[in-house]
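What follows is a set of notes on a single structure, which appears directly below.
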Amino acid sequence: MKTAQIRSTFLDFFRSKDHTIVPSASLVPSNDPTLLFTNSGMVPFKNVFLGSEKPGYVRAADVQRCLRAGGKHNDLDAVGYTARHHTFFEMLGNWSFGDYFKRDAIRYAWELLTSVYKLPPERLWVTVYHTDDEAYDIWNKEVGVPADRIVRIGDNKGAPFASDNFWQMADTGPCGPCTEIFYDHGPEVAGGPPGSPDEDGDRYIEIWNLVFMQFDRAPDGTLSPLPAPCVDTGMGLERLAAVLQHVHSNYEIDLFAHLIAEASRLTGTADLANKSLRVIADHIRACSFLIVDGVLPSNEGRGYVLRRIIRRALRHGWMLGVRGDFFWKMVAPLVAEMGDAYPEIAAKQSFVEQALKTEEERFGETLEHGMRLFDDIATKSGQVIPGVDAFRLYDTYGFPVDLTADIARERGMTVDMDGFERAMGEQRARARAASNFGSKAQLPAEVASALAPTVFTGYDVLDLADATVLA
Ligand code: ATP
Ligand code: MG
Ligand code: MG
Ligand code: MG
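Every position in the sequence shown, counted from 1, becomes a number in the numbering used here once 710 is added.
Set out below in structure tokens:
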């Protein structure tokens, strides 16, 4: 089943269960200035859960474009390393706003997976929140999933990809216990079942998360009940497509196979499993959709996330031997692949191409020098790239620190993030002093704009933390 048909089958199924089909919202949340990106299907419905918005229906289904490249949900450092993570992906979702709850949500999911998509039930595992006996009993006694394939899971204590059966969009807002459905890709693939010590492998892959949205978390951490319990589900389209197309990795599904073939042609790389091709194919989706949704490369907030993703993609092209521009040429094949489902990307194709090309030319001037400097630093540095050197790469050559950390990680090295922060702080102080004398105009552009106040400082800090953990 092709990706396009998987999308329409999902929507047809929920339409037949009286759900209203709603279009995908933007990657830039219109209702929440504290949130960097739409990181899941529930974001556009946040105010509906909170009761302040009444949509005129109690059941809905959609295919929501999502981005996890900053803030609480950041999968940027998993891209190229796991078979199942993207920065940009599509989330299939069904919603109950004070209508059905656990029983129907679980039954619908099971019916769709086993009777419509015809997945073999014996390959499916489920997890429930450790105290949620109600969900456990529905799975076990009503649906008939045997006890040895149902796992009780508590709260994630901070490991980046450990199972977590209490879902929250961010540190505040709607949240609740969830139940997740996993597909077992078979013993050829390394990894253990959910909740086991080696669950981070790619054998048992989470395909669908059903959240029983019951609480609103306040900034001080306390939970208060929502006006009505709701259901929020999210299923990764690309993960489901991998299962239905009998491939293991998301990057081998029809949609990605075409993008990767194009990246292979543009970069002259024959090995289609090359990690850099996967990263480029992932990043062209994230970057193009961000631009379509109104974000442009810049040095702060969302624009800086976009810039970082573009520069990571360009560095991968460079690693494959590309010495001119190439990334913007991936927009046309992306439009061919996704323009039917998202006409907005077809409509803005040339704008997206131009924005990427401009950024490509800009970074192209310093990428090669920066890479040479990185090699010199790496040769003299041992295991850790000193913060002052990471800062020099940032300040002089436009290498975002997470890019430097990513290059270091490939060579089994890390970056001294504290040292980088210190060097950045010193530069800020120098710049502030200089600007008091009216000479701010002489500052390098990256530094000058780093001085500008930004709403998203907290997220930038989180991003750095994530990069350190995973490096
Ligand atoms: P994982 O544990 O595998 O990282 P998750 O629990 O973080 O997934 P959810 O927040 O529950 O994911 O999102 C709902 C669904 O969206 C997941 O079950 C999965 O199918 C899909 N999904 C989540 N993150 C990604 C991603 N980075 N790329 C592709 N699909 C994803
Ligand atoms: Mg995750
Ligand atoms: Mg999970
Ligand atoms: Mg989940």
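Quick reminder that beta carbons are idealized off the backbone N, C-alpha and C, glycines included.
Pairing CB atoms from the region 931-951 with CB atoms from the region 981-993, are three or more of them under 8 angstroms?
no
Grouping DSSP H, G and I as helix and E and B as strand, with all else coil, what is A1151?
No answer about A1151 holds up, because its pLDDT of 47 lies below 50 and its placement is not dependable.
Could you check whether the Cβ of D874 sits closer than 7 angstroms to any heavy atom belonging to ligand 3?
yes
What does the alpha-carbon distance come out to for the pair I1019 and L746?
15 angstroms
When you compare only the Cα positions, how much space is there between L1066 and A991?
14 angstroms
Chain C beta carbons: is any one of them nearer than 8 angstroms to that of R813?
Absent from the structure is chain C; it holds one protein chain and no more.
Any heavy atom of ligand 2 inside 7 angstroms of the beta-carbon of D992?
no
Name the DSSP beta bridge partners of T1106, please?
Answer by DSSP bridge pairing: none, since T1106 is not bridged.
Could you pull out every residue in the same chain whose Cβ sits closer than 6 angstroms to the Cβ of T1076, ignoring the five residues on either side in sequence?
Y1107, G1108
When DSSP builds the beta bridges, which residues end up paired with T789?
The question names Thr, but residue 789 in the sequence shown is Val. Note: V789 sits in a beta bridge opposite T792.
Contact test: E916 Cβ vs ligand 5 heavy atom, cutoff 7 angstroms:
Here the bound small molecules are ligand 1, ligand 2, ligand 3 and ligand 4; ligand 5 is not part of this structure.
Using CA coordinates, which residue listed in M752, S998, P743 is at the minimum distance from F798?
S998
Between the alpha carbons of R1142 and M1134, how many angstroms are there, rounded?
12 angstroms
For the beta strand (DSSP E) containing A770, list its first residue and its last residue.
769-777
Does the beta carbon of E890 fall short of 7 angstroms from some heavy atom of ligand 4?
yes
Taking 7 angstroms as the cut-off, does the CB of N919 come closer than this to any heavy atom belonging to ligand 4?
yes
Out of curiosity, what's the CA-to-CA distance linking D1173 and V789?
Below a pLDDT of 50, predicted positions are generally treated as unreliable, and D1173, at 37, falls in that range; the measurement from the model is reported next regardless. About 15 angstroms.
Whose C-beta lies closer than 6 angstroms to the C-beta of P830 among residues of the same chain, with five residues either side of it excluded?
none
Answer yes or no: the CB of R862 versus the heavy atoms of ligand 1, is any distance below 7 angstroms?
no
Taking only three categories from DSSP, how would you classify L721?
helix
State buried or exposed for V933, treating a residue as buried only when at least 16 other CB atoms are found within 10 Å of its CB.
Checking the displayed sequence, the identity of residue 933 turns out to be Leu instead of Val. So L933 ends up on the exposed side.
Are D772 and I731 touching if we call contact CB-CB under 8 angstroms?
yes
Consult DSSP for Q1093 and reduce its assignment to one of helix, strand or coil.
coil
For F1101, three-class secondary structure by DSSP:
helix
Classify N804 as buried or exposed, calling it buried when 16 or more other Cβ atoms lie within 10 Å of its own Cβ.
buried
Give me the residue from V836, N757, N919, A996 with the minimum Cα distance to T882.
N757
Contacting residues, own chain, Cβ-Cβ under 8 angstroms from G901 (five flanking each side not counted):
D908, E909, D910, G911, D912, R913, Y914
Is S750 near ligand 1, going by C-beta to nearest heavy atom under 7 angstroms?
yes
Can you name, in chain order, every residue of its own chain whose Cβ lies under 6 angstroms from the Cβ of A1151, other than the five neighbours on each side?
Note on A1151: pLDDT 47, under 50, position unreliable in the model; no value is reported.
Return helix, strand or coil for V1002, following the three-state DSSP convention.
helix
If you measure from the CB of D942, is any heavy atom of ligand 2 nearer than 7 angstroms?
no
Any heavy atom of ligand 2 closer than 7 angstroms to the Cβ of D787?
no
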